[in-house]
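**Q**
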Amino acid sequence: MNEEAYTVTVHPPSKKRIAKATVAALIIAAALLVTAVLPAEYGIDPVGTGRLLRLTDLARADAKATEKNAVPDSKSDEPRAAIVPLLQPAPDGGAPTVKGAFIAQSKRYKIDSREMKLAPGEGTEIKYNMKKGAGLIYSWTASDKLLFEFHGEPNVKPAGKEGTDYYETYELDDQLGKDQGHGTFIAPTSGIHGWFWENKTGKEVNLKLVSAGFYDWIFQNVKNKETALKTMDPDVIPSHPKVPDEVLH
Amino acid sequence: MKRNLTRIAVLLAIVMLLPILATAHNVSKRDATFVQANTGAAVAPFLYLGAKHMVTGYDHLLFLVGVIFFLYRLRDVVQYVSLFTIGHSLTLLGGVLGGIHANSYLIDAIIGFSVVYKAFDNMDGFKRFLHFQPNTRLAVLIFGLFHGFGLATKLQEFTLAQNGLVTNIVSFNVGVEIGQVLALTGVLIGLSYWRTRPGFLQHAFLTNTVLMVGGFILVGYQLTGYFVA
C-alpha cells in the first residue's frame, strides 16, 4: 500500500468528473440496452444488431420453448399461448377432436357477472383484457334481440394500422340480432376481446353476461365513457357456493 | 495500465452477461410448479427458494455491493444490511399477506434505479451537486422497502395455498436473509481483499460508474418490459 493511493480520497471527484461518468454510464447502458438486451430479451431490434449477432434468436427461442412445453413462461408473468388447439374432423364425420388439449396458465382464472340495461338506441361494450392463447367461457342473454359484434382489439396492431382503432371481428349480427350467445373463446392476440351490443328495439332491453376466463381486467364502454373494471377471483365470492351432491344416476 | 484494462474488461463482461443471467433471477419453471402444486406448510423448500432467489438475484446484489462499497467497519456493514433487511421484510410480508399487487416491471425498474442512486452517491454526486448528503441509512431503508415489494411480486406470480401461507412466506423471507448473508460474505471477502490493493481507491470511481451502467440497464430493461409485455 503506498501513500499515493490515499491522496485520491483527499481530492474527491470533481463535479465535472461525476457528471461525465454519469452521462457516460447512461450512454453505455443505452447502447447495450438497444444493441443487446432488448433484441435478446424482447426481440426488439431497433438498430439491427440483434439480427446481425443472432441475439433475437434468444427471444424467439424463448417463445418457441413455451410453445413446445405447454408451460407458461415463468420469465415474464405473461402466460403465452402454449399450443394452438387443432381441430381434426373425425373420420366418421362425427364431432372433431381437439389435438393439443390444454393451455396451461400461471394464474387462477377470473369471473365476471353483470347485468346491463340498454335504453332504445343505446349501445354498450364489454371487453376482457386477455393474453394471446387465454381462454374464455361466456354466456349472455337478453330480454329482447340485440345487434352485436364480437370482436377484439389487439395490443399490437398490424403494420400500417398503428394508431388507428383497428379491430378484428369474430362474430357479427347487425341485421336481425340475437337474444343470447354462448361459447368458448381462445384469444388469437393479446388485447381486449368482447362485445358491442346495440338495442334497436323500441323498448328497454335487459342484458345479462356471465363469464369465466384468464383475463385480468374488464373494459367497459357505457354512453361513450370508457372504464377499466376489476375482475373477481372465483375463490372470493361471498359465501363461496358449495355444489350439493345431487345424484344424477 | 495493462492490469487496469483487464479489470475494466472483466467488469464490462459482467455487465454484458447480466441479461443472460436474467433467467436465473425469477423463480424457475420447475420451482414454480412446486410452489403452485404445494398445499400446506413447507419450511425447507421455501427457505431454499428464498435463499436461491437472493443469491441469483443480481439486482439485489448490485445494490448491496453499492451499499457496502465504502463501509470498512463490520459494525457499519451489519447496521446497513439490517436496515435493508427490515425494509424488504416489511414489504415482502405485508405485500403478500395484505394482497398488495405491485407491477413487477415498475418495481424492478425502481430496484434498478436504486443501484444508479447508490452508485451516484458513492461517487459523491449528491455532496457535489446538491451540497448535502441525503441520509444514507434512510435511503437504504426506503429502497429496502421497494426491494421487498419486488420479492413479494415474485411470490405473488403464483397462487399460494392459503393453508400454511404465513409459515411459507416467513420461510421464504428467512431464506432470503440466509441467501443475503451467503452472497454478502462472498462480496465482503472480495472487497476486503481488493481494498488491501493499492489500486482500490483509483478504481472505486470507475467501479461505481460500471455499477451505474448496470443499474441503468436494469431500469431500461424493466421499463421496456412494462410497455411491451
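Read top to bottom, the protein sequences are chains W and A.
Take 1 as the starting number for the first sequence in my numbering and just add one per residue.
Take 1001 as the starting number for the second sequence in my numbering and just add one per residue.
Using N, Cα and C, we set each Cβ at its ideal position, and we do this for glycine too.
Being a predicted model, the structure only gives us computed values, none of them experimental.
For A/V1067, which of A/L1155, A/F1143, A/Q1222 has the nearest alpha-carbon?
**A** Considering only alpha carbons, the answer is A/F1143.
**Q** I need the straight-line Cα distance from W/A119 to W/K203, nearest angstrom please.
**A** Distance between the alpha carbons of W/A119 and W/K203 is about 7 angstroms.
**Q** Assuming contact is defined by CB atoms lying nearer than 8 angstroms, are W/K127 and W/G183 in contact in what I supplied?
**A** It is not a contact, given that the beta carbons lie outside the stated cut-off.
**Q** At the level of alpha carbons, what is the spacing between A/A1024 and W/K117?
**A** Confidence is the limiting factor: at A/A1024 the pLDDT is only 38, short of 50, which leaves the residue's position unreliable, though a coordinate-based value still follows. For A/A1024 and W/K117, the distance between alpha carbons rounds to 51 angstroms.
**Q** With C-beta atoms as the reference, is W/A59 less than 8 angstroms away from A/V1213?
**A** No; because the gap between Cβ atoms is not below 8 angstroms, this pair is not in contact.
**Q** Rounded to the nearest angstrom, what separates A/D1124 and A/R1195 at their Cα positions?
**A** A/D1124 and A/R1195: Cα-Cα distance of roughly 19 angstroms.
**Q** Determine, for W/S76, whether the minimum Cβ-Cβ distance to residues of chain A falls below 8 angstroms.
**A** Reliability of the predicted coordinates at W/S76 is poor, the pLDDT of 43 falling under 50, and no value is obtained from them.
**Q** I'd like to know whether the C-beta of A/D1076 is nearer than 8 angstroms to at least one C-beta of chain W.
**A** Not an interface residue.
**Q** Do we get a CB-CB distance below 8 angstroms when we pair A/A1022 with the residues of chain W?
**A** Bear in mind that the predicted position of A/A1022 carries a pLDDT of just 39, short of 50, making it too unreliable to give a figure here.
**Q** I'd like the list of long-range same chain contacts for A/A1022, defined as Cβ closer than 6 angstroms, with 5 residues on each side in sequence excluded.
**A** In this prediction, A/A1022 scores a pLDDT of 39, lower than 50, which makes its location untrustworthy; the coordinate-derived value is nonetheless stated afterwards. Excluding residues within five positions, none has a Cβ falling inside 6 angstroms.
**Q** Where does A/S1104 sit, in a helix, a strand or coil, going by DSSP?
**A** A/S1104: helix per DSSP, three-state reduction.
**Q** With a cut-off of 8 angstroms, do at least 3 Cβ pairs link the segment 140 to 151 of chain W to the segment 103 to 113 of chain W?
**A** Touching, no.
**Q** Determine, for W/E41, whether the minimum Cβ-Cβ distance to residues of chain A falls below 8 angstroms.
**A** Closer than 8 angstroms to some Cβ of chain A, the Cβ of W/E41 qualifies, so yes.
**Q** Shortest alpha-carbon distance to W/T22 belongs to which of A/L1083, A/V1210, A/L1223?
**A** Answer by Cα proximity: A/V1210.
**Q** At the 8 angstroms Cβ level, is W/P12 part of the contact set with chain A, yes or no?
**A** Yes, contact with chain A.
**Q** Mapping the DSSP letters down to three states, classify W/D174 as helix, strand or coil.
**A** Strand.
**Q** To be precise: take each residue of the segment 1048 to 1072 of chain A, compare its Cβ to all Cβ atoms of chain W, and keep it if any distance is under 9 angstroms. Which residues remain?
**A** The residues in question: there are none.
**Q** Output the boundary residues of the alpha helix (DSSP H) element that contains W/S106.
**A** Note, W/S106: premise wrong, no alpha helix (DSSP H); not H, not E.
**Q** Closer than 8 angstroms, CB to CB, is A/I1217 near chain W or not?
**A** Taking Cβ atoms only, chain W reaches closer than 8 angstroms to A/I1217, which makes this a yes.
**Q** How many Å lie between A/N1026 and W/I44 at the Cα?
**A** With a pLDDT of 49 at A/N1026, under the threshold of 50, the modelled position of this residue cannot be trusted; read the value that follows with caution. Spanning the two alpha carbons is a distance of roughly 21 angstroms.
**Q** Against chain W, does A/R1137 count as a neighbour if the rule is that its beta carbon must be under 8 angstroms from one of theirs?
**A** Taking Cβ atoms only, chain W never reaches closer than 8 angstroms to A/R1137, which makes this a no.
**Q** According to DSSP, W/S139 sits in a beta bridge with which residue or residues?
**A** Its beta-bridge partners are W/H182, W/V210.
**Q** Any idea if W/G121 is buried or exposed, counting beta-carbon neighbours within 10 angstroms, 16 or more meaning buried?
**A** Exposed.
**Q** Can you check whether the C-beta of W/T22 is within less than 8 angstroms of a C-beta belonging to chain A?
**A** By this cut-off, W/T22 is an interface position.
**Q** Buried or exposed: which applies to W/N155, given that a residue is buried once 16 or more other Cβ atoms fall within 10 Å of its Cβ?
**A** Classification of W/N155: exposed, given that the 10 Å Cβ count is below 16.
**Q** My parser needs the beta strand (DSSP E) runs of 3 or more residues fully inside the segment 217 to 248 of chain W; what are they?
**A** Counting whole runs of 3 or more residues, the segment 217 to 248 of chain W contains the beta strand (DSSP E) stretches 225 to 229.
**Q** Return no unless some Cβ of chain W is closer than 8 angstroms to the Cβ of A/V1228.
**A** It does: the Cβ of A/V1228 has a partner Cβ on chain W nearer than 8 angstroms.
**Q** In whole angstroms, what is the alpha-carbon distance linking W/L52 and A/G1148?
**A** If you take the alpha carbons of W/L52 and A/G1148, they lie about 39 angstroms apart.
**Q** Three-state secondary structure (DSSP) at W/N129?
**A** Residue state, collapsed to three classes: strand.
**Q** If you draw a straight line from the C-alpha of W/S14 to the C-alpha of W/L32, how long is it?
**A** Rounded to the nearest angstrom, the two C-alpha atoms are 27 angstroms apart.
**Q** To the nearest angstrom, report how far apart W/K257 and A/N1103 are at their CA atoms.
**A** The requested residue 257 of chain W is not part of the displayed model; chain W covers only 1 to 249.
**Q** Using a Cβ-Cβ cut-off of less than 9 angstroms, give me the residues of the segment 1188 to 1214 of chain A that come near chain W, in sequence order.
**A** Here the close residues are T1196, R1197, P1198, G1199, F1200, L1201, Q1202, A1204, F1205, L1206, N1208, T1209, V1210, L1211, M1212, V1213, G1214.
**Q** Which class does A/I1142 belong to by DSSP, given the choice of helix, strand or coil?
**A** Correct three-state label for A/I1142: helix.
**Q** At the level of alpha carbons, what is the spacing between A/F1205 and W/T231?
**A** C-alpha separation (whole angstroms): 50 angstroms.
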